[in-house]
Ligand SMILES: NC(=O)c1ccc[n+]([C@@H]2O[C@H](COP(=O)([O-])OP(=O)(O)OC[C@H]3O[C@@H](n4cnc5c(N)ncnc54)[C@H](OP(=O)(O)O)[C@@H]3O)[C@@H](O)[C@H]2O)c1
């Protein structure tokens, strides 16, 4: 074991201690999970014997990640997990619908969906094939449509298989961010056509993730068919040393005109990359928070915002039920989805 891995293990143990004992994280067992990329998160579930479906926009990168995940030994007392890589581009609503359809026809019960994929603050406004601002669709709308479709599919399945444990619901984790506190949902310019800034788009999409969590949970709780105790949880993983955070750090840390940035980039970038482990937390921190959100009892975390292994209050805007309901209705309109079927 290298020094880095040993330090990571120690941090993970400290994280486990902070959520109330190592046994808690060790004891989390999830049968089937669908994760929107996130190699460390996938590995943590795989090592606990879960079947994980890793959904990625590039099959090649997904398969490379699978080699890494499958190289990890199971935790003591656990069998090796199973891993499947499937293609999913959140920037395409057609791709999301295809995955939901495939799951509906072929797949087994799904215990947890981790809406993990994300893009952060591209300097120029980018648009998806569906015509939405990239962060709005990839970070929010695509996940929303996927979660809605998969929960509905699970419920149909549970209704059909009357012998199945109906109290055993599905949990949806929406990866949000502390940045949600700066977010605003401007229905007059949801796609940021009039006024674009990368961070404005990012924080709005992360606020949308917390609002979606609360609205999913409200809808789950008013389900009268006894069709399963589904739950939704929003997660801020911490400021983690990943490509997403490093990219943002590099592009925003020292403001300067683009021409000058290009000139000094060969000097600044290696320095910032070397400093990243000091400025940002290791991925094991995000894994511990994700495991807590995935495994904590429903009455502790359902509909809540979890950060650093604890339930925390999100921003005031994120707690506005009218805003959440309006965003839900707008999301239905934008994706041409009926407002009130099962969900
Ligand atoms: N790192 C942090 O400090 C931090 C803080 C707060 C919140 N978060 C949130 O945590 C989540 C995970 O972020 P991370 O830090 O682990 O970033 P990351 O390592 O960059 O992972 C993000 C993943 O999203 C995938 N992705 C991007 N666009 C996609 C698309 N159109 N369809 C499908 N997948 C797509 C990327 O796949 P490719 O490999 O194909 O690009 C990448 O694997 C994100 O939602 C992020 O906003 C992170």
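Residue numbers (the working numbering): 923 to 1265. Heads up, the beta-carbon is just placed ideally off N, CA and C, and yes, glycines get one too. Since this is a predicted model, take the numbers as computed values, not measurements.
Rounded C-alpha distance that separates residue i from residue j
i: residue 1197; j: residue 1165; result: 14 Å
i: residue 1190; j: residue 1174; result: 12 Å
i: residue 975; j: residue 1047; result: 31 Å
i: residue 1095; j: residue 1111; result: 27 Å
i: residue 1250; j: residue 998; result: 43 Å
i: residue 1192; j: residue 1203; result: 18 Å
i: residue 1184; j: residue 1117; result: 25 Å
i: residue 1212; j: residue 963; result: 7 Å
i: residue 1051; j: residue 1013; result: 7 Å
i: residue 1131; j: residue 1236; result: 11 Å
i: residue 996; j: residue 1090; result: 25 Å
i: residue 1038; j: residue 1082; result: 30 Å
i: residue 1072; j: residue 1023; result: 9 Å
i: residue 1103; j: residue 968; result: 33 Å
One or two residues paired with residue i in a DSSP bridge
i: residue 1158; result: 1229
i: residue 915; result: Here the chain comprises residues numbered 923 to 1265, so residue 915 is not present and cannot be evaluated.
i: residue 1234; result: 1227
i: residue 1210; result: For residue 1210, which the question treats as bridged, DSSP gives no partner whatsoever.
i: residue 1005; result: 974
i: residue 1153; result: 1093
i: residue 1049; result: 1055
i: residue 1203; result: 1162
Near ligand 2: residue i beta-carbon under 7 Å from a heavy atom
i: residue 1174; result: Ligand 2 is not among the ligands present in this structure, which contains only ligand 1.
Closer than 7 Å: residue i CB and nearest ligand 1 heavy atom
i: residue 1007; result: no
i: residue 1052; result: no
i: residue 1199; result: no
i: residue 1162; result: yes
i: residue 1166; result: yes
i: residue 978; result: yes
i: residue 1011; result: yes
i: residue 1159; result: yes
Selected residue, minimal CA-CA separation from residue i, among the options
i: residue 1000; options: 951, 1041, 981, 962; result: 951
i: residue 1098; options: 1024, 1158, 984; result: 1158
i: residue 1080; options: 1180, 1032, 1059, 1160; result: 1032
i: residue 1168; options: 1182, 1201, 1136, 1142; result: 1201
i: residue 1092; options: 1101, 1106, 1077; result: 1077
i: residue 987; options: 961, 1107, 1246, 1036; result: 961
i: residue 1053; options: 1035, 1113, 1209, 1180; result: 1113
Evaluate contact between the region 1113-1124 and the region 1065-1081, counting only Cβ atoms and requiring at least three cross-stretch pairs below 8 Å. no
Is it a yes or a no for the region 964-975 touching the region 999-1016, going by three-plus beta-carbon pairs under 8 Å? yes
Counting Cβ pairs closer than 8 Å, one from the region 1224-1241 and one from the region 1149-1160, do we hit at least three? yes
Evaluate contact between the region 987-997 and the region 1242-1262, counting only Cβ atoms and requiring at least three cross-stretch pairs below 8 Å. no
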